[in-house]
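In what follows, a single structure is set out as structure tokens and then discussed.
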Amino acid sequence: MKPKVAFYWCASCGGCEEAVLDLAEGVLNVVAAVDIVFWPVALDFKEKDISAMDDGSIAISFINGAVRTSHQLEMARLLRRKSKLVVAFGACAQLGGIPGLANLTTAAGILAEVYGDAGTPELQFRDDGHALTLPKLFDSVFALDRAIPVDYYVPGCPPSPKIVSDMFQALLDEPLPEPGAVLAPDHAMCDECPRRDTRPQELKLDRFYRVQERMLDMDRCILAQGLPCLGPATRAGCGSRCIAGNMPCTGCFGPTSHMRDYGGKALCSIASVIEGNETAQIDRVFEGIVDPVGTFYRYSLPSSFLERKRLE
Amino acid sequence: MPDDFEPRIVAFFCNWCTYLAADLAGTSRIKYLPNAEVVRVMCSGRVDVQFVLKAFAKGADGVLIGGCHPGDCHYQEGNYKALRRYRLLRRLLRQMGIEDERLRLEWISAAEGDRVRVVIDEMVATLKRLGPLRKAEEERAHLTEVA
Amino acid sequence: METATIPVEKRRITIDPVTRLEGHGKIEIFLNEKGQVDRAYFQVPELRGFEKFAQGRPAESMPQITSRICGVCPTAHHMASTKALDRLYQVEPPPAARKIRELVYSTFMVEDHTLHFYFLGGPDFVVGPQAPAAERNILGVIARVGVETGRKVIAMRRKLRDLVALAAGKAIHPVFGVPGGVSRPLAREDVEQFRLVAAEAVEFAQFTRGLFEKLVLGNGQYVDLIKSGLFTHRTYYMGMVDERNLLNFYDGALRVVAPDGHQWARFDPADYAQYIDEHVEPWSYMKFCFLKGVGWQGFTDGPESGVYCVAPLARLNAAEGMATPLAEEAYLQYCGVLGKPVHHTLANHWARLVELLYAAERMKELAEDPEIADPHVRTLPTAVPREGIGVVEAPRGTLIHHYQTDQRGLIARCNLIVATQNNAARISMGVEKAARGLVDASHVDDGILNMVEMAFRAYDPCLGCATHALPGSMPLLLRVCGPHGNVLHVLRRDANGSIRRE
Amino acid sequence: MSDRNGAVRIGVYTCHCGANIAATVDVKALAEFAALLPNVVLSRDYKYMCSSPGQDLIRQDIRDHQLNRIVVASCSPHLHEHTFRTALKVGGLNPFYFHMVNIREQASWVHENKAQATRKAKDLVCAAVRRVAFHQPLERGRVAIHPDVLVVGGGIAGIHAALTLANAGKHVFLVEREATIGGHMAKFDKTFPTLDCAACILTPKMSAVRSHPNITLWTYSEVTKVDGYVGNYKVTVLRHPRYVDEDLCSGCLECLEACVCKQAKVPDDFNLGLSKRKPIYIPFPQAVPQVPVVDPETCIQFKSGKCKTTCIAACGDRHAINLRAEAKVEQIEVGTAILATGFQTFDARRTPYYGFGKYPNVYTALEVERLVNASGPTAGEVVLRDGRLPRTVGIVHCVGSRDENTHRWCSRVCCMYSLKLAHLIKERTGAEVFNFYIDMRTPGKGFEEFYQKLLNERVHFIRGRVAEVTDWVFDASEEGKLVIRVEDTLAGFVRRIPVDMVVLATGLEPRADAPEVRRLFNISCASEGFFLERHPKLAPVNTFTDGIFLAGCCQAPKDIPDTVAQAGAAAAEALALIDAGYVETEPNTAHVMEEQCCGCKTCISMCPYHAVSFIEDIHKSRVNEVLCKGCGTCVAACPSGAIRQNLFEDDEIFAEIEGVLSNA
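This is the structure:
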């Protein structure tokens, strides 16, 4: 009988489901190979409905999105219990993703910003006797593996079609990959960059540019052109799509297995290839990097060592 | 903040200058505060930004990087690499709500035993003023929402 | 978890989750003692706070950051954001850049409307609202229209998305938008590919239109359903139009027509704040938009209520016609059958196909424009940034990005009004109306659940896709409770579509 | 964790270092604490871990308890890391399964509160225990030692070191900045305390250098660049043109006679300006090499180009004089280098209250050395500038020594050379000689006896720091004299001593260019500016840079016997390396994990030693482990973590960080 699989989303954009649909004709093969018991929306989340299923009766749960509300946490735990394997699918589940930038603020901060003085929604509300509830918004966004144990990771925002099809290959056939593996090459993206040979050996940047500050050559190393391109620090497998779009890598495929804090390591290396031995000169060079956290932790703040901005 | 707050400092000292300065402070029996604990590296250029972040994440209230004076690096220019990383890292930490004073980069030569005392004592005083980096309770509370 | 534990003191039916732009949606239906619907709520229980964490980010990163609001229509956010940057930096993109943007955008519109018709909303008609849930999905559609057509649809989508990727870097979360232009020009061979696929797209749109005529218009039942009062609300409508008041997705003025079809307002999108306001309900994370000039009167329709809607139906109401020949023809046929303005929510599906045709034709026009391959695709901005507003017509309706920055172009304030917010009030009304009309405690079945769903699916609330994507039905649980919350009976529709009473 | 040798079994040893540690750190508590740490199977404390019973303890335990990791909490790794690694090796364990915790220099010696010091020691031990678990077995590399030696500085230290090495059959390059070797010693007349003639003992050694087949002598030359590493230094030497070819010149000195400048007008540096020389000159009669130098500053041919160049004519067909000669750059390879760059004397103008430069009859000791020297400007006559014999002479000690305002250190030789000069002046002039001293320091063989001899010679000794030297006279007895004002701390009142001649016993200080030389050879200076030895007692001639040794006053002020002894020691250290034939290198080098390297080239520009190179055909970086000095900068810079450093692996450092913070 075909393995039962589930797809679920937490705090995410739906791009990951689209990434699966982008297998196009390939989707039909996947559908043929598995028995999909959930797609991102599942049954009413109450304990008793879920406990109706036997623990571990789902072969693989593919969970995308970060954990941001009590409701998503509950669901993630539930699926963990019901599944033999849980796959953190996409940058949000693996690293926290762009919604993870919310770790620079708090739930209160967000509600205040969004609703201002128009009044904020309440977790429990009675409207002429009708009890309505909303799940709790956490102060922090969490990568999936901070909430539940994760067996495999699929990087990318979104994962590239090749990565997705390789993933199905890898997980539907024996032998399974190493537990905890990130299902993508374990070297940095520069290696597959079409412009890799144009990177000079002696790179010493005397300033960083913002994208609106200079025209970019179509065929020269983008870092060498002064834009902080994170290709050297980012796991390969994306097919260097952003480079093809003539824009710098922003790191959605996250770290290789030899980095512990993606942003810290990326910063460390970018800061190593600049001019300047005096503080003033060095600071001038870095002026072009106006938002270090947004630059180096765009997809990975919740999975960084510090996890979030310090609470005031 | 509790009055008995004792800041924790992780100090990355280069083998050839600052670590020797600390040795000299020792042989000279110079007395300084016991809040800094030294991790020896061959050169301040080895200090990976990840190390600093790890230290802060694991409970350090301050991090001190000690290297050779500009031009004096045992490896010629490792200390400049350290300086460059430090300047950018400072700005990142600021965004994360971590004050500049909590990360300090100091050039201390093998001859400057007393400088070790001055720097560490100063830093401890500053950190006592700033208070603990992580206000343990609430910070843990929220980080363990999922735990 | 709260939702699991709160006591129900009235009879309730919970449809949880349904989904929308930012995560999940939830419908709560409360019955009175007689078992009739007392009140229904469409709740949005999640929020990611882009407006907040956008603060401090450099404006130029917003096109890529905000595209993560939605992975189904990232191109819409990317484009609205990029246009906001043009205004922010007061820079005019070179003609080629402007055309490349609209070309990519049109390509995206064709693709997204195709997705919705075949994968999401369409099945309701192609397969039929009463059909077993297990068939009401793309596979059902394929079964109905034939594998060949099925492959054709999938292949079409693939080609379109490959083109977006070719020009914009990635189909999901594009990267090509920069203030004052696009990051890369189109090479001749790129343009050639666009030409070929554009021609196919027009053909495909015509084919789809034919399919709709055959399957839907040919079926009196469906037409009646579309026209049924259950799915009718007389509200205001908003959409983007060009200088001739013809529909445009990429640029133009916003036009609002009253329930009687007359122009109520026509304004520069940058002035949106003078016309649109947001209402907050304490039981939902989603804000409900309404027309300032008219005012918020609660969840009710008619000229006195500021409730309005966007998306295909609204756009066709707000516009006076289509800018391309075949689309214009389709538009006239549509008005011929339904009149104008059209107040039937389910007509959205038909309107979408008219737009599909327009998007394909527009794509063809631009692909054949000789200027499109001009290598000059960027103007470097020089002005000091302060404020910028960018608006496009997303597949699901008007999308507004509004940024204020400091001198260095770091975001200070960010306001985003997404399509589904414009529709939120009308969706809630639709759900409640459908529920009132269909649900009663003694008789609840799968078809009824689906009818209720259709009330919001017609708007294609962004990520509604998920409610319908493979393998098909949105699993639902419907519980009818007696007084003091004792469960009378539970109807469960499982993922495989089978219905079980418990 | 290492799986190289099964489960990790750690032994932790806490050293008391007598009371040095035990007095401030609760060693018992520390040992008990360590015993409970993960993977620790044995924890001991012992009085002196570095002693041989201490080391035996480790060896024994490795066998008895199958320990495969060792942590010793004692002093600085700079002191005993090698000792303990050797102990591991002898115990049959790879020496790098070891980590040392510095709880003496960094805890017991610098903290007072025992509880706090102990708490800190615990954290440090905890860090080491976590770290050592990740250690990997490593092999030391071997680097062949080039047998040639560079000696910098041709004073007595350099000369002695060069001769010792040359006599041992090693080739020596001796580089001297001046036109002659001999250094300060060549300026002296007699040496204390034996009063034997400096020239008599020095000049034979100088000519031995000149004639020695194993010595390449380059005077008038400077080291401008040093590359490489122990055993394989590449040195660049700049040889200034002396305009007289050393090989062609026979040292007849006829050119000096022939010079169109009949009168010597140029102040003679060798005699500190007390005499004059010609534009073409030889520093002093016994100079080595015996080859004149042309001073382009003053030579008419250089200034006007219109000289008859009689010197060239005089040289005749030897053609040794070539006024168009240019500087030469020599490239040499050596395995080791000895720095014997010496000292400079304190500039007496920095103590204006002693009147040097103001009153003609105030001299520095070194000037008087020249005056009393038979081959000096006055042929040994001690006369004032006006030619009079001094009747009374005052010698002021500690000028620029033991002084908060100038130098705090004692220059060690001033007391003795002051006594020597007092003796010589009295001998030559019969003058009354007064010594003004703070403390009389005569710690050395025959020194105290010499002092007694002077006392018997009726030389006056007044204990007290001189306040000033002035010509402001109070009465006729002081008329025409210099008055020395001093508080006689024995008599207990201020005295005014009128004298004809004042001699300032100026101290020794580091050469002005010591910082440049230090950078050139990548060594350190101590706070006062003298070169820093590796260990003040155990490695007094070594530096922290392998293969670079120190001799003489560049390391600290010392007298001739000590200098010569140290020069011999430095030579012996060099010989030890050379005869071993190779040196073992620390294995803390970096290496690229090629399968992880993405070829981004970030590392290439990180390395100042060009140890990292880019292999085009495989598109990866590679580290040359011989060139790599193990700084780890490329490791930190590698964006994807594809470069690792032995002994400083990320795993190890992260474990250490978590360790020190384990009870945070």
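So the sequences go chain by chain: A, B, C and D. Residue numbering for the first sequence follows this note's numbering, beginning at 1 and increasing consecutively. Residue numbering for the second sequence follows this note's numbering, beginning at 1001 and increasing consecutively. Residue numbering for the third sequence follows this note's numbering, beginning at 2001 and increasing consecutively. Residue numbering for the fourth sequence follows this note's numbering, beginning at 3001 and increasing consecutively. Beta carbons are placed, not taken as given, at the ideal position from N, Cα and C, and that holds for glycine. Keep in mind that this is a model prediction, so the values were computed, not measured.
(1) Quick one: is D/F3474 buried, meaning 16 or more other Cβ sit within 10 Å of its Cβ, or exposed?
(2) Please state whether the Cβ-Cβ distance between C/R2315 and C/G2261 is less than 9 Å.
(3) For chain B, check one thing: does any of its Cβ atoms lie closer than 9 Å to the Cβ of D/M3416?
(4) Tell me the residue span of the alpha helix (DSSP H) that contains D/D3061.
(5) Smallest Cα separation from C/P2093: which of C/G2181, C/M2062 and C/K2052?
(6) Let me see if you follow: with CB-CB separation under 9 Å, is B/Y1019 close to chain D or not?
(7) CA-CA distance, A/V31 and A/E74?
(8) When burial is assigned at 16 or more other CB atoms within 10 Å of the CB, is C/P2058 buried or exposed?
(9) At the level of alpha carbons, what is the spacing between C/K2528 and C/A2394?
(10) Out of B/G1071, B/F1051, B/E1122 and B/D1121, which has the shortest C-alpha to C-alpha gap to A/L306?
(11) Under 7 Å Cβ-Cβ, which residues of chain A neighbour D/S3640?
(12) Is DSSP giving D/K3558 helix, strand or coil here?
(13) Taking any Cβ of chain A, which residues in the segment 1109-1129 of chain B have a Cβ under 7 Å from it, in chain order?
(14) Should B/I1065 be flagged as near chain D, meaning a C-beta pair shorter than 9 Å?
(15) Taking Cβ-Cβ distances shorter than 8 Å, what residues in chain D pair up with A/L203?
(16) For A/W9, is the classification buried or exposed, using 16 other Cβ atoms within 10 angstroms of its Cβ as the cut-off for buried?
(17) Reducing DSSP to helix, strand and coil, say where C/G2472 ends up.
(18) Where do the N-terminal and C-terminal ends of the alpha helix (DSSP H) with D/C3126 fall, by residue?
(19) Between D/F3284 and D/A3379, which are expected to be in contact by the criterion C-beta below 8 Å, what is the C-beta distance as a whole number of angstroms?
(20) For D/V3483, collect the residues of the same chain with a Cβ closer than 6 Å to its Cβ; drop the 5 residues on either side in sequence, then sort them by chain order.
(21) For the beta strand (DSSP E) containing D/A3505, name the first residue and the last one.
(22) Taking the alpha-carbon positions, what's the A/C383 to A/P149 distance?
(23) Quick one: grab the DSSP three-state call for C/W2283.
(24) Alpha carbon to alpha carbon, how far is D/A3539 from D/E3533?
(25) If I follow the unbroken alpha helix (DSSP H) through A/N29, where does it start and stop?
(26) Between which two residues does the alpha helix (DSSP H) harbouring D/C3200 extend?
(27) Output the boundary residues of the beta strand (DSSP E) element that contains D/N3232.
(28) Given that B/A1057 touches chain A, what residues does it touch there, using C-beta distances under 7 Å?
(29) Classify D/I3438 as helix, strand or coil using the three-state DSSP reduction.
(30) Check the Cβ of D/A3590 against every Cβ in chain A and list those closer than 8 Å, keeping chain order.
(31) Taking only beta-carbon atoms, is B/G1131 less than 9 Å away from chain A?
(32) Is the beta carbon of D/A3127 closer than 9 Å to that of D/V2964?
(33) Mind checking the segment 3099-3117 of chain D against chain B and listing, in chain order, the residues whose C-beta falls within less than 8 Å of any C-beta there?
(34) How far does the alpha helix (DSSP H) with C/F2299 in it extend, from its first residue to its last?
(35) Kindly provide the ranges of any beta strand (DSSP E) runs that are 3 or more residues long and lie completely inside the segment 3270-3354 of chain D, ordered along the chain.
(36) Can you tell me whether DSSP reads A/C242 as helix, strand or coil?
Taking the definition as stated:
(1) exposed
(2) no
(3) no
(4) S3052 to D3064
(5) C/G2181
(6) yes
(7) 27 Å
(8) buried
(9) A question about residue 2528 of chain C goes unanswered here, because the residues of chain C that appear run from 2001 up to 2502.
(10) B/F1051
(11) H187, A188, P232, A233, T256, H258 and M259
(12) coil
(13) none
(14) no
(15) K3601, T3602 and S3605
(16) buried
(17) A caution first: C/G2472 carries a pLDDT of 28, below 50, which makes its placement in the model too unreliable to give a value.
(18) K3114 to V3132
(19) At roughly 13 Å, the Cβ-Cβ gap does not stay under 8 Å, so D/F3284 and D/A3379 are not in contact.
(20) T3470, R3496 and P3498
(21) M3501 to T3506
(22) Outside the modelled stretch of chain A, which goes from 1 to 312, sits residue 383 of chain A, for which no answer is possible.
(23) coil
(24) 7 Å
(25) E25 to A33
(26) A3198 to S3211
(27) N3232 to R3239
(28) F305 and L306
(29) coil
(30) Near D/A3590 there are no residues of chain A at all, since even the closest Cβ is about 14 Å away, more than 8 Å.
(31) no
(32) For chain D, the structure presents residues 3001 to 3664; residue 2964 of chain D sits outside this window and is missing.
(33) N3102, R3104, E3105, Q3106, A3107, W3109, V3110, H3111, E3112, N3113, Q3116 and A3117
(34) From DSSP, C/F2299 is part of no alpha helix (DSSP H); its letter is neither H nor E.
(35) 3328-3334, 3336-3339 and 3343-3345
(36) helix
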